[in-house]
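Everything below concerns the one structure shown next.
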Amino acid sequence: MFQTSFAVILPFMTAVIVMFFGQSGAATLGHYGADPTKVSVSGVSSGAAMAVQLHVAFSSSIMGVGAVAGVPYYCAQGSALRATLYECSAAGDPSDVDIQFLKSKTETWASSGKVDSTSNLASSRVYLFSGTNDFVVKQGLVHKLEDYYSEFISNTDNIKTVYNQPAGHAFITDDYGALCGFTVAPFINDCNYKMAYHILKHIYGNLEEPTSSTTASGQLLDFSQTTFFPFYYSIYRPMMYTGYIYVPTGCQSSTSNCKLHVALHGCSQTTDLILNQFYTKTGFNEVGELNNIIILYPQAKRNSFLGNTAGCWDWWGYSGNDYGKHIMISSFFVEQFPCMIVVLFMRQHFVVMHANVFGTILFLDK
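First residue of the sequence shown: 1, per full-length UniProt numbering; consecutive thereafter.
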């Protein structure tokens, strides 16, 4: 594993930022002012599992998380069988998930620097959702995720749970998608519930709530996710060529003081399957517009070579044993594999989104 100082890497990234955002026909992104202490992440399904991994691994930089149909941190323990047949799957028994083991593993990794100190979790804001008609990720698994976070967060007000919505396995809206109880593509359901708003409200506090007349009048931009990959990256490619970002009207100046939220799609929600629906129809953009929250939408890719035919984020270990931990960044390689770096300027700080060759997304705030 290569380890490179940020003192060396950051000047390099600053020098190439214009080149990076100008590639592959993607819109050129400017400098957007945001508060580096106001970074959060959410996801649905595998995106929820990845959001939890990000939050635990980088809890010093990520203030809150929203997990919709998510599983406990390191639930699969690097085993595809646990993810598909046993305790972390629809076929398994959630009661077999050993929270004390997962807590111990987290603390061991924290003590060795593989994840951030668990003391950071104490003040985190956590939103958890499970629909009563979700038979893909059982409610018992989300209860186990609640138990996991409760081991580190003593203030019960910091954990908000929603278990009473008759939703299937999907992201929930108040005006778009399939019938509430269904589990069908695009896995966005109309349950008359503004999930994006409730996630962000719990994480950030009182926010202005969108109405039926609210429009996302800011900038929805695409950007290249591949600029830093060597030519042979296409052999493995776990990420789509293009990611998306919504920049509210009030955040388009480098002097603005905005928040940043990262929204991770679930399995079978990649753009080649559901087009733009996840990054335009989930309600995040409207909440972001009213409350000056930049929304970043990374895009995973279906990849049969990696055994990831549904375009899931890695929560069971197809990227290797380090999928839930810190990975040190070098200029172009991580453990001899190419990496992708996206830099979003935040005043004097950077939030760095790093995806290794197998698609693990990590955040570093320096």
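Heads up, the beta-carbon is just placed ideally off N, CA and C, and yes, glycines get one too.
Runs of the beta strand (DSSP E) lying entirely within the region 100-149 and spanning at least 3 residues, in chain order: 125-129.
By the neighbour-count definition (other C-beta atoms within 10 Å, threshold 16), residue 83 is a buried residue. Fully contained in the region 183-221 are the following beta strand (DSSP E) runs of length 3 or more, in chain order: 188-190. Residue burial is scored here from C-beta neighbours: residue 284 has at least 16 other C-beta atoms within 10 angstroms and is therefore classed as buried. By the Cβ test, the region 156-168 is in contact with the region 115-135, since at least three Cβ pairs between them sit closer than 8 angstroms. Just so you know, the alpha carbons of residue 59 and residue 323 end up roughly 16 angstroms apart.
Assigned with DSSP and collapsed to three states, residue 322 falls in coil, not helix or strand. Residue environment analysis places residue 260 among the buried positions, since at least 16 neighbouring C-beta atoms fall within 10 angstroms of its C-beta. Per the coordinates, the alpha-carbon of residue 253 lies some 7 angstroms from the alpha-carbon of residue 33. Nearest neighbour of residue 205 by Cα position, chosen from 293, 107, 77, turns out to be 293.
In summary, residue 46 is buried, with 16 or more beta-carbon neighbours lying within 10 Å of its beta-carbon over all protein chains present. The three-state secondary structure of residue 71, taken from DSSP, is coil. Here DSSP, grouped into helix, strand and coil, assigns residue 274 to helix. Distance from the Cα of residue 110 is smallest, within the candidate group 307, 240, 56, for 56. Per DSSP, the beta-bridge partners of residue 259 are 293.
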